[in-house]
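K.L.:
Can you read through this structure? Questions will come right after.
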Amino acid sequence: MALPRLSRSFTGLLVETSYLIHQRTFSVSPVAAAIQKLTRVRVVDNSSLGNTPYHRSPRVIHVYTKNGVGKVGDKVLLAIKGQKKKALIVGHKMPGECMTPRFDSNNVVLIEDNGNPTGTRIKVPIPAQLRKMEGDYSKVLAIASSFV
Amino acid sequence: MRVKIMNVLCRSRKLVSSVFRSNILVDQTQVFGSWLSKARCSSLCQNLPQHFTANLASCQHRHHAASFRSHFHTRRCFSDRNEGRNSTSTGVFEEKSHEIDDNSFLSQSPLETFNLDVLVSLLRQENAVDLCVIKIPEHIKYTEYFIVVSGVSPRHLRAMALYAIKVYKYLKKDGDPNVKIEGKDAEDWLCIDFGNMVVHFMMPEIREVYELEKLWTLRGYDEQLRSMPDETLPEDFMFDVETTK
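Put into structure tokens, the structure is as follows:
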């Protein structure tokens, strides 16, 4: 962090202000939007396509909704390792409805064109509200290991 | 007290209905409960105490009335797995015997509710291969029963799913939600979510790939889950407001 270095070089004035900033008693979180085109996502299943390292992280190139915004349960098209793959959003950093979980990363599960998940297990917790939503989510829920 | 009956295929022509509930030790190698064999069935029937034989007779009678077109294909005894129960607390292997309550039995007849017995009997009637029923413990708030079935061909799976939906629609009352088949695009994996039960119709090949029974009985100790590498944060990771962008 730049601030401690500054406070060491300028004594007096900056020491007090940096002391106040480090002592904040509330948590601060950045602004987060839902998933749209060109967002980098995290693949959370154990598929080989999602877990092999590549010089570019997987990015969303199309969101299959009426507006281009993807929330939990929406299908998106990803560009992974130079190929296109469909995926299902299972969590995003944007706060959603009341009493729905918010995740620290935009999580995504890879899906084939016929709806079958590409991976076989999901370690990351999956929101339980997927069960009530309209859509084919039972397969993803069946390979999940924990629910939130 | 309620009568809980699970239909058990016995090799003999004599129809015997009895309930087996076995708790499974989580770290046991053989997780799928006990295989049904003729010897075991007959020995258990003998071991049942005196006052339960009367119950058995009445249960038998009730089940005759309950199952539609009930005819048991004793020759087509595919590998049937008994209902297994997850036990996280004790893991004691016990066979629970059933209790009877005449009052509740008369008021809510099994002909009217689409419960596990109806579903399992209709799947058996449809010649389902490798029927596996897993009871999910209470703390996993997903569903009560998790059923995995295989079929002979994709058409067979589709026919079983459609027949299950048809029976559900016939038996459901006004307050029950409609149930749809998920995975209609995939020919090898369909699934239906009735509120307290989830049924997965898979082909044997894809069943081997996913191994859902292992996941839902072993839960955290599943092999595929354990072989997944642990995710660690990279060394240069900083979750801080001021340093992002």
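In order, the protein sequence lines correspond to chains A and B. Here our numbering is used: position 119 in the first sequence is 119, and no number is missing along the way. Here our numbering is used: position 138 in the second sequence is 138, and no number is missing along the way. Note that beta-carbon positions come from the ideal geometry of N, C-alpha and C, so glycine has one too. All of these numbers come straight from a predicted model, not from anything done at the bench.
(1) To the nearest angstrom, how far is the alpha carbon of N107/A from that of I89/A?
(2) Kindly confirm or deny that the region 126 to 137 of chain B and the region 124 to 140 of chain A touch, where touching means at least three C-beta pairs closer than 8 Å.
(3) How about I85/A and C191/B: are their beta carbons less than 8 Å apart?
(4) Cβ closer than 9 Å: which chain B residues qualify as neighbours of A128/A?
(5) Give a yes or no on whether 8 Å exceeds the smallest Cβ distance from G220/B to chain A.
(6) Under 8 Å, Cβ to Cβ, is there at least one residue of chain A near A186/B?
(7) Comparing alpha-carbon positions, which option in F146/B, E235/B, K184/B lies nearest G135/A?
(8) Please report the residue range of the alpha helix (DSSP H) in which G91/A lies.
(9) For the beta strand (DSSP E) holding H139/B, just list the boundary residues, first then last.
(10) May I ask you to list the residues that DSSP assigns as paired with D45/A?
(11) Where do the ends of the beta strand (DSSP E) carrying D193/B lie?
(12) Between the Cα of H92/A and the Cα atoms of K81/A, G82/A, D104/A, Q83/A, which residue gives the shortest distance?
(13) In the DSSP output, what is H200/B paired with across the bridge?
(14) Once the 5 residues before and after P101/A are set aside, which same chain residues still bring their CB inside 8 Å of it?
(15) Can you find a C-beta in chain D that's less than 8 Å from the C-beta of R56/A?
(16) Going straight from the alpha carbon of M203/B to that of D188/B, what length do you get?
(17) Please report whether the beta-carbon of F147/A lies at a distance below 8 Å from any beta-carbon of chain B.
(18) Would V118/B and F201/B qualify as a contact pair, given that the criterion is a beta-carbon distance under 8 Å?
(19) Given a threshold of 16 other Cβ atoms within 10 Å of its Cβ, counted over all protein chains shown, does P177/B qualify as buried or as exposed?
(20) Counting contacts by CB-CB distance shorter than 8 Å, is R47/A in contact with chain B?
(21) When you compare only the Cα positions, how much space is there between A65/B and I181/B?
P.N.:
In short:
(1) 6 Å
(2) no
(3) In the sequence on display, residue 85/A carries Lys and not Ile. Their beta carbons are not under 8 Å apart, which means K85/A does not touch C191/B by this criterion.
(4) K141, Y142
(5) yes
(6) yes
(7) K184/B
(8) Per DSSP, G91/A belongs to no alpha helix (DSSP H); it is in the beta strand (DSSP E), 83 to 91.
(9) Taken as a continuous stretch (DSSP letters only), H139/B belongs to no beta strand (DSSP E), as it is neither H nor E.
(10) I122/A
(11) 189 to 194
(12) D104/A
(13) V148/B, C191/B
(14) G91, P125, P127, V148
(15) The question asks about chain D, but that chain is absent: this structure's protein chains are A and B.
(16) 5 Å
(17) yes
(18) no
(19) exposed
(20) Before going further, note that residue 47/A is Ser rather than Arg in the sequence given. No, S47/A lies away from the interface with chain B (no Cβ there is under 8 Å from its Cβ).
(21) The predicted position of A65/B is uncertain, since its pLDDT is 39 and thus under 50; a value taken from the coordinates is nonetheless stated next. About 29 Å.
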